[in-house]
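Trainee:
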Amino acid sequence: MDGVQYDLAVVGAGPGGYVAAIRGAQLGLRVALVEAEHPGGVCLNWGCIPTKALLTGAELVDSLRSNGPAFGIHSDVVTLDYGRAVDHSRRVAGRLSKGVESLLRKNRIDWVAGFAKLTSGTSLDVSGAGSIGARSILLATGSREWVPPGVEVDGQRVLTSKEALASRTIPARLLVIGAGAVGVEFAYVYAMYGAQVTILEMADQMLPGADPDVALALESEFARKGIKVLTGARFENIDASGSEVRVEYQCEGRGSEEEARGASIAVDQVLVAIGRRPNSADLGLDPLGIETDARGFVVTDAWHTTQLQTVLAIGDVAGGPLLAHKASEQGIAAVEHLAGIERPPLDLSRVPACIYAQPQVASVGLTEAAARAEWGDRVRVGKFPFAASGKAVAAGHAAGFAKLIVDGEMGEILGAHVIGAGATELIAEVSLAMQLEATTRELIHTIHAHPTLSEAIWESALAAEGRSLNS
Ligand code: FAD
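Note that the numbering used here numbers the sequence shown so that position 225 is 223, with each residue one more than the last.
Below is the structure:
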C-alpha cells in the first residue's frame, strides 16, 4: 500500500466504517478500508446479528411454552440443544461478513488488513501493511466491552457478551450484571434455554433512561417468564475462586427484605453487561491534538469532524447512542458532507432504539418525562394496550402497549415507546412520521390494514386525540 494516495481512508469495517466506505465509493472517491479483524465489525460478528439469531431460537421456545397449548401444540417432547443454536448464529455471522467482503469488492474499495494508527492528519501506519496516505481519514473503530476494575473475565464463569456469543453451553444459574439492551437480550436467551436467570441493575428500573412504564412492563413480563430482576442493586464484588461464583451486591431496590440485607448470590456463571468503552486509546490521537472526552469518546462537530479538519470520527468511537444504524447514518452523513453533497446533519434525537427479547421494546424521540420537562402541559399521551389489538390477541401476544407522546397544540409527534410483539418493526412508522414532521391527524388519516399490529400506532394516535376506538 506504500505510496498509494486515497481520497478517503476509513479505519474500522463495522456498520459505520463499511457503509461510509461504500457511500464514498458511490460518490467517486478512491477509498481504502483498514480493519484489524473481520468485515462487519462488532455488529455483524459479535453484536446485533448473532444475538438476533440466538433470540429467534429463544422466541421459538418461549412461543411453544407460553402459547403452544392454546393452539393444541404440546411441547413436552421438545429437547433443547443450545450448542446448535450457537453454531447457527456463528454461521449467520460468517455468511453476512462474507457478504460485506463482496460488497466491498463490488464497490472497488481497497481492503487493508491490519491495525491502523494515525501518523498525521492525512496518513496512517497499518501493522503489516505499511503506510497509507489519504486526503481525509474517517475513524470508525467502534467500542469494546467495559469490565470494571477487579473483575476478571475468564471466558468460562465470568463472561462478557463476546465470550457468551461463543459459548455453546447454558449454565444452571446465570447472573446478568446490567439491565440494558445487551443484558436483557442475553437474560432472555439463557432463561428460555433453561437457565435460572437473575439480573442485577444499579438504576431503579430496567433499561435505564427508557420510559418507566415500558421498563415496569418488561420487568413484570420477565417475572412471568421466571427471570428475576433486582433493581437498585449495585454489584460490589465477584468471587470465582470456589466451586461456584459468588457475587456480592448492595440492594436498595424493590427486592425482598432478605435481598436488601443479603447482598450476595451464588451462581454458575456471570455475564457482565454494564457498558462499553471506545476503541480510541491506540489510534495516536493525542500527539495530533485530537480531543477525546473523559471516557475516551472522540469529540466531533455536527459533521463528524475532529479538531483536525482532515480527520473525522463516527459510530461508537464518537459516542452514543451506541447503535449500528446510528453508526451507518453518521458514516453516510460524514462522507456526503465531505463530498460536498447538500444535506442536513444527523438528528440524534430521532435515532430509534430496539431490544429484541420478548416482549420486544422499541422507542424513538422523547420520553413522556422529557417531553413534559420541555413542553409542559402541552404534552398529550396516547396509549393503546396490545390486549385490545385483534391481531395481538389472536397471535397470543396480548402483553404490552404502544405509547405516543405528542405536542397537544400542534399534534406533532415527540416520541413513541412500544413494548410488545413486533415493537421493533412498528417503531419505523413513528420514525418516518417524525422525520416528515407528521401530526397525529396525519397518522389517523393513514389507513392501517386490519388486523395488524400496526393498528396499535394508529390507535395510540387516536387516543392522543381523545378519540380511542378499541380501548
Ligand atoms: P464496530 O462495529 O465496533 O466496528 C469497529 C471495527 O473497527 C471493528 O471491526 C474493529 O476490529 C476495528 N478496529 C478498531 N480499531 C482499529 C484499528 N486501530 N485499526 C483497524 N481496525 C480497527 N446495535 C444495534 O443497533 N442493534 C442491535 O441489535 C445491537 N445489538 C448488539 C448486541 C451486542 C451483544 C453488542 C455488543 C452490541 C450490539 N449493538 C447493537 C451495538 C452495535 O454492535 C454497535 O453500535 C456497532 O457495531 C457500532 O458500529 P461501529 O461501526 O461504530 O463499530
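Positions of the beta carbon are idealized from the N, C-alpha and C atoms, including for glycine.
#1: Under 8 Å between the Cβ atoms of Gly394 and Asn105?
#2: Near Pro319, which residues of its chain fall below 8 Å by C-beta distance, leaving aside the five closest residues on each side in sequence?
#3: Please classify Arg89: is it buried, with 16 or more other beta-carbons within 10 angstroms of its beta-carbon, or exposed?
#4: Counting only beta-carbon atoms, is Ala132 nearer than 8 Å to chain C?
#5: Unbroken alpha helix (DSSP H) runs of length 4 or more, entirely within the stretch 131 to 169: which are they?
#6: If you draw a straight line from the C-alpha of Gly311 to the C-alpha of Ile272, how long is it?
#7: Any contact between the stretch 108 to 127 and the stretch 195 to 210? By contact I mean 3 or more CB pairs, one from each, below 8 Å.
#8: Which residue marks the beginning of the alpha helix (DSSP H) containing Asp85, and which one marks its end?
#9: Heavy atom of the ligand FAD less than 7 Å from the Cβ of Leu320, yes or no?
#10: Report the option in Thr167, Leu136, Ala213, Asp237 whose CA atom is closest to the CA atom of Leu306.
#11: Residues in the same chain with beta-carbon distance under 7 Å from Gly26, minus the five sequence neighbours each way, listed in chain order, please.
#12: Using CA coordinates, which residue listed in Leu58, Val268, Asp299 is at the minimum distance from Val151?
#13: Please name the residue or residues paired with Asn43 in a DSSP beta bridge.
#14: May I ask which residues mark the beginning and end of the alpha helix (DSSP H) holding Asp211?
#15: Which residues does DSSP list as the beta-bridge partners of Tyr4?
#16: Is it buried or exposed, Met408, if we count other Cβ atoms within 10 angstroms and call 16 or more buried?
#17: Sorted by chain position, which residues of the same chain lie with C-beta nearer than 7 Å to Ala426's C-beta, five sequence neighbours on each side aside?
#18: Is there contact here, the stretch 386 to 400 with the stretch 323 to 342, by at least three beta-carbon pairs under 8 Å?
#19: Quick one, are the C-beta atoms of Gly140 and Gly224 less than 8 Å apart?
#20: Going by the C-beta, is Trp44 closer than 7 Å to any heavy atom of the ligand FAD?
#21: Report the rounded CA-to-CA distance for Ala201 versus Glu327, giving the unit in angstroms.
#22: So does Pro285 have its beta carbon nearer than 7 Å to some heavy atom of the ligand FAD?
#23: If you draw a straight line from the alpha carbon of Ala369 to that of Val362, how long is it in whole angstroms?
#24: By the 10 Å Cβ neighbour count, where 16 or more other Cβ atoms means buried, how is Ala447 classified, buried or exposed?
#25: Closer than 7 Å to a non-hydrogen atom of the ligand FAD - does that hold for the CB of Glu33?
#26: Between the stretch 176 to 186 and the stretch 375 to 386, are three or more C-beta pairs nearer than 8 Å?
#27: Compute every distance between the C-beta of Cys41 and the non-hydrogen atoms of the ligand FAD, then say whether any falls below 7 Å.
#28: With DSSP collapsed to three states, give me the class of Gln433.
#29: Between Tyr4 and the ligand FMN, is the CB less than 7 Å from at least one heavy atom?
#30: Below 7 Å, is the gap between the Cβ of His323 and the nearest heavy atom of the ligand FAD?
#31: Just to confirm the assignment, what range does the alpha helix (DSSP H) spanning Gly181 have?
#32: Consult DSSP for His415 and reduce its assignment to one of helix, strand or coil.
#33: Per DSSP, what kind of secondary structure is Ser361 in: helix, strand or coil?
#34: Smallest Cα separation from Pro37: which of Gly153, Val17, Gly22?
#35: Go through the stretch 9 to 45 residue by residue and report every complete run of the alpha helix (DSSP H) that reaches 4 residues or more, in order.
#36: Pull up the distance between the alpha-carbon of Arg155 and that of Ala360, whole angstroms please.
Mentor: Taking the definition as stated:
#1: Between Gly394 and Asn105, the C-beta spacing is not below 8 Å.
#2: Leu346, Val349, Ala351
#3: exposed
#4: The structure shown contains no chain C; it holds only a single protein chain.
#5: Listed in chain order, the alpha helix (DSSP H) elements of length 4 or more contained wholly in the stretch 131 to 169 are 159 to 164.
#6: According to the sequence as given, residue 311 is Ala; it is not Gly. Near 24 Å, if we compare the C-alpha coordinates of Ile272 and Ala311.
#7: The stretch 108 to 127 and the stretch 195 to 210 do not touch, with fewer than 3 CB-CB distances between them shorter than 8 Å.
#8: Residues 80 to 104.
#9: yes
#10: Of the candidates Thr167, Leu136, Ala213, Asp237, Leu136 places its Cα closest to the Cα of Leu306.
#11: none
#12: Val151 has its Cα closest to that of Val268, out of Leu58, Val268, Asp299.
#13: Note: Asn43 sits in no beta bridge, so no partner.
#14: 210 to 222
#15: Ala132
#16: exposed
#17: none
#18: no
#19: no
#20: yes
#21: 30 Å
#22: Every heavy atom of the ligand FAD is 7 Å or more from the Cβ of Pro285, so no.
#23: Going by the C-alpha atoms only, they are around 12 Å apart.
#24: exposed
#25: yes
#26: no
#27: For Cys41, the CB falls within less than 7 Å of some heavy atom of the ligand FAD.
#28: helix
#29: Looking at this structure, you won't find the ligand FMN anywhere; what it does contain is the ligand FAD.
#30: yes
#31: Here the alpha helix (DSSP H) through Gly181 covers 179 to 190.
#32: strand
#33: strand
#34: Val17
#35: 15 to 24, 39 to 44
#36: 31 Å
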